[in-house]
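**Student:**
Residue numbers (our numbering): 0 to 957.
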């Protein structure tokens, strides 16, 4: 009866020799009770014995004669070579009892040495013993012997556990982890990432079937149910497709036609999918990994870029696999795949086209729904530029659904442009760039929407041109007709900042239009800069200032008039002398820096002379020409967005002003229009051309004739283009000099350092007050600003809820009415805040509440007790107004908006919104419970309404 002989390889023999030869240093023959591992071709090697080395020759024999012959030849070779102390190791199938004593006498212990894998593995790990579970796992013991690193396995005191041994083997065989580590954080993320490596899956495929099976079972328990499919793919050389297939599995299972999708998916998995019940855990593991990768790809910087590339390479591969298997038609809008994002974007494009054609709230609703679907896609933030462009398109559709504003006078028109239609221009600029994808359906939808918006804007510019023609006949500093003139900007915006020794920095951004201004202001860090505006008076709304340029809207007359503080024209010399004269009249020194005089030389961000001026008591102004220069150089031909860092030295100027504690006035001399016409559009063939957008002569369609003291031409008369597709000269990126709102409106942005003092007669402008309602709201708020919506919500908090109406209610009676919200329309045709209309219902059974939530809180006993412990606590009216404003806004407002809500209620300005919010925290957070807190690094005030009611109203109002 024959028995299976153990198998020994080089490492097993080495371990035996290291032990036995140390005990028998003169031994030349070692008999091993095992057969040689046929996979181990290395039969001659050197083994370390003590401080020296011995040469080893291995021979595998199947007969006693073969062994004797090998031994004799070994002895003969040793005699021929002086100093030859090599050792002959004999393995084979010859039983020990067939070996003669004359041969056995030369071997240690006079017998063949057994190969005990357990002892050998324990020895090479330095362990006292092995985990009992390892004793019968020959695949693991053999693999540990075969895979031992050159510098050996890490030493283990005590018992070598099975998990520790497998982790070490995974590190050595598959580069999963580190052989020196005591633990291995092995999850689906690690395993999927490993499949994407170049060598890991190939090394796994090269292992014996027993070892693959053993490692696979261990990984399945350690890493989850996804491991079997993943390892099968790796063994088949398809490890890199594991994540793409996992994404497709998720898409197929979520499809409305999941049965057909899963069937199509089977052809992609092949033998890796042995049972369909394994598909769901594999899909969940893959999508979990991809979700984490998506979060990493949503940031900015080099790491986020790498994460984005890694994520999209997987998902785009999934899309290619789906197309090859004809699976793509079954998962057209998947929430994870790029094809699903494009499908949702196409659905939005269709809704935009329908909405632009219909021009109604109902039509905009379809686009809102499509936008929500797009934003819900997991790649919405990864494709951030595309998603923001889509969001901007829906913003424009919202604006189209709101009636065009009626323009009553020039001052109101430019103010309306800065607060509303300038945002339309910003949106058009963003949309004009197009989507990142070359999809023609999406591009065409955006083009049609832009065309619809431009038609609306053209009608507004036509109405403005007519107003401008009547107004300019008599408009002057002494008769401004309710408008802020550009020559009055220094007196009405800069001079208040210079009171009591104030040292404003006036930054003239030549050519800055309203759309550029609102974007620049939106990028400012509100923790560093606070925007202020003239106090509108109690009950009125704070708003940015907008001035009217000189006419034509060109630099020579508008900028000179701005800097001189009176109607003027001229170049840099006239501007410098006029600026100095303006401030001398106010007993101050003024200094103006033009292009080339404030930029620093090599090694300097700003010129030392300019920095010295900022450190002085002078009022300093600087002219930045970046925007105006770009109109002729083509800068805006590639982007419709100007950011702070796009404008030369502007960040440096703002930083320098902050460092010197100076308030800043950002202002332009005129705006501009962008050329969005087709390339074949030619200049208008007319006579009397004086500039790109103005001339002399009889006006044609799209032009207006202006005359009066503000028209700074020799004759006091000029013909200006108001339509944005008219030009008289060669094509440029953009133009100015005409009579459109975009050219004539002069934005005025006033900033003070966050810790600065608000001048008397000025108030903070909350960030929420700067955006029109349609920009970030789909509620149909029109152009109503946040203050109005907040005020209405607070008012409605006082409105009784009469309960459901019934059809058998009694006949109408006098005095039995309820307040019902209905949309109201101003004389201009624009929506105004929700109004209250009396309708007949029975309200007798329910008493009328008389106070808002905020008023309930400040009248409660807990509030009165807490107030005793807060020094300089705000008045009850201010606190109630803040609470009502926060509730109406959904629980979050900026500190500026919180401070402005208090100002609107009391007429008293809060000069430091963050400090005011901190006082409110101490006042409302009883025992440290966070009823109100500053979040997002102090940029947002958050109210917990439920906790507010629990803390203050549990026992009812006082």
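For each residue, glycine too, the CB sits at the ideal point set by N, CA and C.
1. Mind the definition here: the stretch 13-32 touches the stretch 99-112 only if three or more C-beta pairs lie below 8 Å; say whether that holds.
2. Report the partner residues of residue 52 according to the DSSP bridge assignment.
3. Does the stretch 925-932 come within contact of the stretch 898-905, defined as at least 3 CB pairs closer than 8 Å?
4. Can you tell me which of the three DSSP states residue 934 falls into?
5. Quick one: Cα of residue 351 to Cα of residue 463, how far?
6. Could you tell me how far apart the beta carbons of residue 896 and residue 702 are, in whole angstroms, since I believe they sit closer than 8 Å?
7. Counting Cβ pairs, one atom from each stretch, are 3 or more of them under 8 Å apart for the stretch 184-197 and the stretch 113-126?
8. Please classify residue 590: does DSSP put it in a helix, a strand, or coil?
9. When you compare the CB positions of residue 705 and residue 471, do they come within less than 9 Å of one another, or not?
10. The beta strand (DSSP E) that contains residue 632, what's its start and end?
11. Based on Cα-Cα distance, which residue from 619, 620, 629 and 655 lies nearest to residue 603?
12. Near residue 188, which residues of its chain fall below 7 Å by C-beta distance, leaving aside the five closest residues on each side in sequence?
13. Locate the beta strand (DSSP E) running through residue 702, then write down its first and last residues.
14. From what residue to what residue does the alpha helix (DSSP H) around residue 449 run?
15. Suppose the cutoff is 8 Å on Cβ atoms and the five residues either side in sequence are ignored; what does the same chain contact list for residue 874 look like?
16. With contact counted as at least three CB pairs below 8 Å, one residue from each stretch, are the stretch 486-497 and the stretch 450-469 in contact?
17. Which one of 332, 166, 53 and 79 has the shortest CA to CA distance from residue 24?
18. Provide the residue span of the beta strand (DSSP E) that contains residue 728, from first to last.
19. My parser needs the beta strand (DSSP E) runs of 3 or more residues fully inside the stretch 217-259; what are they?
20. Hey, how far is the Cα of residue 429 from the Cα of residue 391?
21. What is the rounded straight-line gap between the Cα of residue 6 and the Cα of residue 96?
22. From the DSSP output, read off the bridge partner residues of residue 716.
23. Where DSSP assigns a beta bridge to residue 774, which residues make up the other side?
24. Can you tell me whether residue 372 is helix, strand or coil according to DSSP?
25. Measure the CB-CB distance between residue 592 and residue 622 and report whether it falls below 9 Å.
26. Going by beta carbon distance, what residues of the same chain come within less than 8 Å of residue 332, once the five residues before and after it are set aside?
27. Would you please verify whether the beta carbon of residue 313 is less than 9 Å from any beta carbon of chain D?
28. What's the C-alpha gap between residue 674 and residue 512?
29. Assuming residue 301 and residue 295 form a contact by the criterion Cβ under 8 Å, report the distance between their Cβ atoms to the nearest whole angstrom.
30. What would DSSP say about residue 694, mapped onto helix, strand or coil?
31. Could you have a look at residue 878 and say whether DSSP puts it in helix, strand or coil?
32. Run through DSSP, which three-state label would residue 165 get?
33. Which residues in the same chain have their Cβ closer than 7 Å to the Cβ of residue 999, if we skip the five residues on either side of it in sequence?
34. Give the secondary structure of residue 495 by DSSP, where H, G and I count as helix, E and B as strand, and everything else as coil.
35. What number of angstroms, rounded off, separates the C-alpha of residue 262 from the C-alpha of residue 137?
36. Apart from the five residues just before and just after residue 916, which ones in its own chain have a Cβ nearer than 7 Å to its Cβ?
**Tutor:** Short version:
1. yes
2. 47
3. no
4. strand
5. 28 Å
6. The Cβ separation is near 43 Å, so there is no contact.
7. no
8. strand
9. yes
10. Residue 632 -> not in any beta strand (DSSP E); alpha helix (DSSP H) instead, spanning 625-632.
11. 655
12. 288 and 291
13. 702-706
14. 439-471
15. 905
16. no
17. 53
18. Per DSSP, residue 728 belongs to no beta strand (DSSP E) and is neither H nor E.
19. none
20. 7 Å
21. 19 Å
22. 706
23. The partner list for residue 774 (beta bridge, DSSP) is empty, contrary to what the question assumes.
24. helix
25. yes
26. 339, 342, 343, 346 and 372
27. Among the chains of the structure shown, chain D does not appear; only one protein chain is present.
28. 14 Å
29. About 12 Å; that fails the 8 Å criterion.
30. strand
31. helix
32. helix
33. The structure shown has nothing for residue 999, since the chain only spans 0 to 957.
34. helix
35. 40 Å
36. 894, 897, 933 and 940
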